[in-house]
Structure formats: structure tokens, C-alpha cells
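Counting from 1, one number per residue, gives the positions in the sequence shown under the UniProt record's numbering.
Backbone N, C-alpha and C define an ideal beta-carbon position, used for all residues, glycine too.
What follows is one structure encoded as C-alpha cells, with my remarks underneath.
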Amino acid sequence: MTMGAAEWHKLPISLTELCINTTLRCGQSFRWRKSTQDEWSCALHGRILSFRQDAKHLHYRAIFPSQGILPTPPPSVAPSPAHASNRDSDDTLALIHHYFNLTPNLSALYAQWSASDPNFQKLAPKFTGVRILRQDAWEALIGFICSSNNHISRISGMVQNICIHYGPFIANLDSVPYHDFPTPQALAQDGVEANLVKLGFGYRAKYISKTARMVEQRGMTWLEGLCNPETPGFGVEEMKGAAGDMAPEGREGYRRAHGELLALHGVGPKVADCVCLFGLGWGESVPVDTHVHQIAQRAYHFTKSKHKSLTTTTYNAVANHFRLLWGVDAGWAHSVLFTADLKSFAGQLAAEVEVVREDVAVKLEDGVLEEKEIATKTKKVTKKNTKRAADGTPVVAVKKEAMVTRRSKRRRT
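Structure below.
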């Protein structure tokens with residue numbers, strides 16, 4: 001089933017408040033596809049959501065499956081939610097606000113973090129609009145189990161394979177099939193582990209299968225109960241002021257959620273923090289991997305460890321330092337620096353120089369007005385490579401080419 005074009009709508013939002021080209025590819029979520037028309041699409045809550053963006057608006061559309069011709073999913077796969085396929089109860093705008101976490105004023109947060117952190121202040125202007133997504137906790141859990149010793153493109157391939165083989169089919173868009181994320185029941189069935197091994201998941205196959213069974217036994221209410229009550233899952237009422245007081249090691253609810261996640265197969269401290277931040281709404285969660293540890297060493301005066309892997313003591317010291325520095329939304333600021341450290345974003349460190357024109361008009365004594373374009377300058381900046389200064393700040397070596405032209409013309413006044 002290939003869906004036809006749906007109507008586009010637009011939401012006023014600047015690139016400083018949300019940049020989807022950065023937010024959707026910086027390692028938070030792994031199911032978004034970008035088309036040759038610069039449109040991002042993903043199956044969420046029983047529909048395909050597509051986005052494109054300009055300087056002032058986020059343009060979006062929702063494509064719902066037709067119940068009359070919707071293919072029957074495998075017996076192990078739960079059908080798409082009935083309410084989501086009904087256009088008369090379209091909650092797409094609410095879903096967008098929830099998913100992109102649009103309530104916080106991101107510009108104000110950037111200003112707050114910049115005031116307390118000179119390193120953040122240096123990098124932030126080139127990485128504006130990085131928001132923390134409010135994803136489904138179950139999807140975040142499985143996605144970050146796949147992230148163990150892995151890179152973003154391969155994680156994305158694994159998560160897409162999970163959806164294709166076990167998630168409910170929604171529709172084809174531009175001849176590409178889109179599946180929603182599977183339920184715990186779908187991944188807890190017999191044979192999943194063996195099939196995932198065949199698909200190249202390696203040791204992660206066992207983790208996914210066992211964790212799915214544990215979550216199925218405990219129930220989704222257990223996982224959803226770990227959410228920050230101020231930022232719960234989609235459709236759940238927010239409880240303002242219910243998250244508790246902040247401490248250097250995070251709020252009590254965050255610490256409880258982190259601890260309970262560690263009981264699941266394939267979940268260590270870093271994966272648990274990713275789930276807390278991206279799936280459970282705990283903004284103070286700071287996932288620490290080797291890259292974040294290196295940032296702490298380069299720019300925040302942490303000494304190099306004698307151990308090849310992160311110890312619990314070092315992990316907690318780095319995370320607590322950033323919580324003290326950035327506050328209750330430390331995970332948001334952390335994600336900006338993490339993004340700036342990714343090789344795929346190195347090009348953003350080279351600033352582009354726009355064409356500059358300077359004009360003057362001088363009235364001469366003989367009544368002739370001479371309009372003279374003093375200079376037209378064009379500078380082209382080409383990124384060559386990225387190095388780092390002594391303080392850890394990325395430095396891009398660039399090649400500059402400049403062209404200056406002059407001309408003048410006269411006309412009678």
C-alpha cells in the first residue's frame with residue numbers, strides 16, 4: 001500500500017529553538033529517514049510523520065493507514081492503535097509538541113549554560129536547536145541496548161530491522177515501507193533471539209530477547225512508572241512539581257529509575273542513563289561513555305584514567321560534575337557537547353562567510369551624483385580538517401579564498 005500526498009501544515013518555530021537536521025541525527029533516536037527532498041519521516045503512534053524545516057517554521061504532515069486495506073500484521077505483532085488511525089481524532093499536533101519537547105525555552109537554557117560554562121559558550125552558537133526528544137520508554141530501552149559498542153548508522157540499521165520483522169506495518173511512503181515499533185510481547189516470543197543473531201545483532205540478540213520477556217512479565221506499567229512525573233509518556237497527565245528536589249547525583253526518582261533499569265539484561269550505567277534521559281524524561285541524566293569522558297578530560301580538567309574502561313567512580317564523578325555545572329537539565333547541555341564532538345557534525349565548526357557589499361554615494365559640486373560600489377567581497381571557507389586546541393576546543397583548519405571587485409557609475413541628479 002503506497003499512500004498519496006497528505007496536506008502539509010506548519011508550526012512557527014525558529015532554528016534556534018529546534019533544528020531537526022541536528023536533533024534527529026545526533027544519536028537520540030534511530031528510526032528517522034531523510035529523503036532527497038530534505039524531508040524526515042518516521043512511523044510513530046500508528047501514523048507516518050514527515051517534517052521539513054525552514055528558518056521560521058516546522059512543516060509537518062501525518063499519513064494514516066487505511067483500515068480497509070491495512071495488511072494484517074503477524075500474530076505476534078500488536079495492531080496499530082485504533083484511535084491513531086482515525087482522522088477524526090487526530091492528535092498529531094499534540095504528539096509533535098510532546099515528541100520534540102517544545103515546552104522548554106531552549107534559547108534561555110542555552111544562555112543559562114553559557115553563563116556558567118565558557119566551553120559550552122564557545123560551541124553552542126554552531127549547534128543551536130538541539131532538543132531532547134521525549135521518546136517512548138520501551139523504544140528507547142531497546143534502541144540503546146543496540147547501541148552497546150556500536151555507531152549511529154549501524155544502530156539505526158538494527159532498529160529498522162527490528163521494526164521491519166516485528167513491528168506493525170503502517171504504510172509505504174515513496175515506495176519505502178514504514179513500520180511502528182514492536183511491543184514487548186512481539187520481541188518476547190520464541191525464536192526472536194535466533195532470528196536477531198541471523199540479522200547480525202550478535203550478543204545483543206540475547207539481551208533484547210531476555211529484556212523483552214522481563215518487561216512483558218513486569219508489565220508496561222512498571223516501565224512507565226519510572227518516568228519523571230513532570231514529563232511522562234504521551235497522553236499521560238503531567239504532575240508539575242512532583243519530581244522532587246535536585247541533588248548532585250540527581251533527584252530521587254531519577255536515581256530509582258536508573259537503579260531499576262540496571263536489573264535488565266544488556267543495561268549498564270550508560271544505557272540506563274540514555275533511557276532515563278531520552279525515554280523517561282529525567283533531564284539531569286548524563287550518559288557517560290568514552291567520548292564524554294574524553295570531553296571531560298580535554299575541557300573540564302579531569303585527569304586521564306589508568307583504566308582502559310570507565311570505572312563506576314569515574315563515571316559518577318563526570319556525571320555529577322556536569323549536573324553541578326548545568327543543573328537539572330544537565331542532560332540537555334551534555335547532548336549539545338556530545339553532538340559537537342561527533343565526526344558527522346565536524347563541518348558545522350567551519351563558519352561560513354557571507355558576501356559583503358559596501359556602497360557609498362557622493363554628490364559632486366558639478367551636480368553629478370557618483371554612485372560607487374567600494375568593494376564586493378566574497379569569501380569561500382573550505383573545511384580541511386579538525387584538530388583540537390590545548391583546552392579541548394575543536395579547531396577547524398580552513399582554506400580561505402577572497403575576491404574583491406570595484407566599479408563605479410555616474411548619473412545626473
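Residue 209, enclosing alpha helix (DSSP H) - first and last residue: 204-218
Out of 105, 277, 163, state which residue places its alpha-carbon closest to the alpha-carbon of residue 129. 105
N-terminal and C-terminal residue of the beta strand (DSSP E) that residue 57 is part of: 57-63
Our contact map puts residue 260 next to residue 243 with C-beta atoms below 8 Å; I'd like the distance itself, whole angstroms only. Not confirmed; about 16 Å, so no contact.
So, is residue 212 buried or exposed, given that buried needs 16 or more other C-beta atoms within 10 angstroms? If you draw a 10 Å sphere on the C-beta of residue 212, you find 16 or more other C-beta atoms in it, and that means buried.
What's the gap between the Cα of residue 154 and the Cα of residue 137? 21 Å
Quick one: complete alpha helix (DSSP H) runs, 4+ long, within the region 144-196? 152-166, 184-188
Do residue 92 and residue 62 come within 7 Å of each other at the CB atom, strictly closer than that value? Cβ distance < 7 Å, so residue 62 and residue 92 count as in contact.
Look at the alpha carbon of residue 252 and the alpha carbon of residue 245, and state the distance between them as a whole number of angstroms. 8 Å
Cα-Cα separation, residue 322 to residue 11: 33 Å
So for residue 9, helix, strand or coil by DSSP? strand
Cross-strand partners of residue 53 (DSSP beta bridge): 58
Pull up the distance between the alpha-carbon of residue 308 and that of residue 315, whole angstroms please. A direct Cα-to-Cα measurement between residue 308 and residue 315 gives close to 13 Å.
Helix, strand or coil for residue 263? Go by DSSP, reduced to three states. In the structure shown, residue 263 sits in coil (DSSP, three-state: anything other than H, G, I, E or B).
Cβ-Cβ separation, residue 328 to residue 284 (assumed contact under 8 Å), whole Å: 5 Å
Tell me the rounded alpha-carbon separation between residue 343 and residue 334. If I take the Cα positions, the gap works out to 16 Å.
To the nearest angstrom, report how far apart residue 193 and residue 205 are at their CA atoms. 5 Å
Cβ-based neighbour list, residue 114, same chain, cut-off 8 Å, excluding 5 preceding and 5 following: 120, 121, 124
Once the 5 residues before and after residue 76 are set aside, which same chain residues still bring their CB inside 6 Å of it? Legend: pLDDT at residue 76 = 38, less than 50; position of this residue unreliable, no value from coordinates given.
When DSSP builds the beta bridges, which residues end up paired with residue 48? 43, 63
Mark residue 363 as exposed unless 16 or more other C-beta atoms lie within 10 angstroms of its C-beta, in which case mark it buried. With a pLDDT of 38 at residue 363, under the threshold of 50, the modelled position of this residue cannot be trusted, and the question is left open.
Rounded to a whole number of angstroms, what is the C-alpha to C-alpha distance between residue 167 and residue 64? 16 Å
Minimum C-alpha distance to residue 201 - residue among 126, 146, 182: 146
What residues are listed by DSSP as bridge partners for residue 33? 41
So, at 7 Å on beta carbons, what are the nonlocal neighbours of residue 144 in its own chain, with the 5 sequence-adjacent residues on each side left out? Correct list, in chain order: 271, 274, 275.
Indicate the three-state DSSP secondary structure (helix, strand or coil) for residue 329 in the structure shown. helix
Out of 296, 160, 247, which one is the CA nearest neighbour of residue 282? 247
Bounding residues of the alpha helix (DSSP H) (the contiguous stretch that carries residue 118): 118-123
Host alpha helix (DSSP H) of residue 93 (start-end): 92-99
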